[in-house]
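**Student:** Counting from 1 along the sequence shown, just add 156 to a position and that's the residue number in this note's numbering. Every residue gets a Cβ at the ideal spot worked out from N, C-alpha and C, and that includes glycine.
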Amino acid sequence: MKLDLTEVAGNIGKRHSYEIREECVEGEDLKCTEPIVGTVEFTNTGRLILARGGFSATVEMECGRCLERLIVPVEVKIEEQFPIANLTALLAGHEEEIPEEEKEPLFENNVFDLSEFIRQAILVEVPIQPLCNETCKGLCPTCGRNLNEGPCDCPVVVEASPFDKLRQLLEAKEEPAE
Ligand SMILES: [Zn+2]
Ligand SMILES: [Zn+2]
């Protein structure tokens with residue numbers, strides 16, 4: 157959804173509330189399972205449009221260890237501000253330059269790209285490596301079995317650690333030489 161905020165941008169003090177109800181965002185990097193709902197209010201403060209509100213979403217992900225499908229609920233708070241181009245200057249034919257660092261790529265010509273904003277905000281919010289459970293045992297690296305469902309028959313491989321040698325040395329020292 158793209159919101160045209162021309163009316164808000166043109167009137168100081170003007171407010172506009174919007175009920176967010178977006179169908180699932182779906183892309184290579186994100187899959188929502190339910191509609192995204194929330195509210196956002198835009199306020200013209202004179203030089204800026206403030207956006208305040210929040211929304212909730214449910215994102216489908218997979219466990220970072222066992223690859224089981226997970227549903228991760230996400231709550232996002234909206235607190236943004238966009239600089240308003242000087243309308244008088246615009247009408248007079250002068251393009252007012254908004255400083256580069258204040259520019260908001262999702263707010264151009266008074267149109268706010270809400271869908272893209274939501275997509276990016278969710279991506280920031282979701283855990284990079286979610287776990288189905290803190291104690292998830294993951295998959296066996298040899299046979300691929302999900303070890304949460306029980307152990308497999310693969311031999312346990314104990315990796316040699318550089319500390320093993322040190323420990324042997326220390327243990328040898330503790331035993332009094334005969
Ligand atoms: Zn897991
Ligand atoms: Zn195995």
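(1) For the candidate residues Leu-270, Pro-283 and Ala-328, whose alpha-carbon lies nearest to that of Glu-179?
(2) Give a single yes or no on whether Arg-171 has its beta carbon closer than 6 Å to a heavy atom of ligand 1.
(3) Tell me whether Arg-221 counts as near ligand 2, meaning its Cβ is closer than 6 Å to at least one heavy atom of that ligand.
(4) Please tell me whether, using a cut-off of 6 Å, the distance from the CB of Thr-298 to the nearest non-hydrogen atom of ligand 2 is below it.
(5) Quick one: what does DSSP say Gln-285 is sitting in, helix, strand or coil?
(6) Ordered along the chain, which non-local residues of its own chain (more than five positions away) have a Cβ less than 6 Å from that of Glu-236?
(7) How is Ser-271 classed by DSSP in three states: helix, strand or coil?
(8) Quick check: is the beta carbon of Glu-235 nearer than 7 Å to any beta carbon in chain B?
(9) Could you tell me the boundaries of the beta strand (DSSP E) in which Glu-178 lies?
(10) Between the C-alpha atoms of Phe-211 and Pro-191, what's the straight-line distance to the nearest angstrom?
(11) According to DSSP, is Glu-218 part of a helix, a strand, or is it coil?
(12) Residues in its own chain within less than 6 Å of Val-267 by CB, not counting five upstream and five downstream?
**Tutor:** Taking the geometry as given:
(1) Leu-270
(2) no
(3) no
(4) Yes, the beta carbon of Thr-298 sits closer than 6 Å to at least one heavy atom of ligand 2.
(5) coil
(6) Ala-207
(7) helix
(8) Among the chains of the structure shown, chain B does not appear; only one protein chain is present.
(9) 171 to 178
(10) 10 Å
(11) strand
(12) Lys-158 and Asp-160
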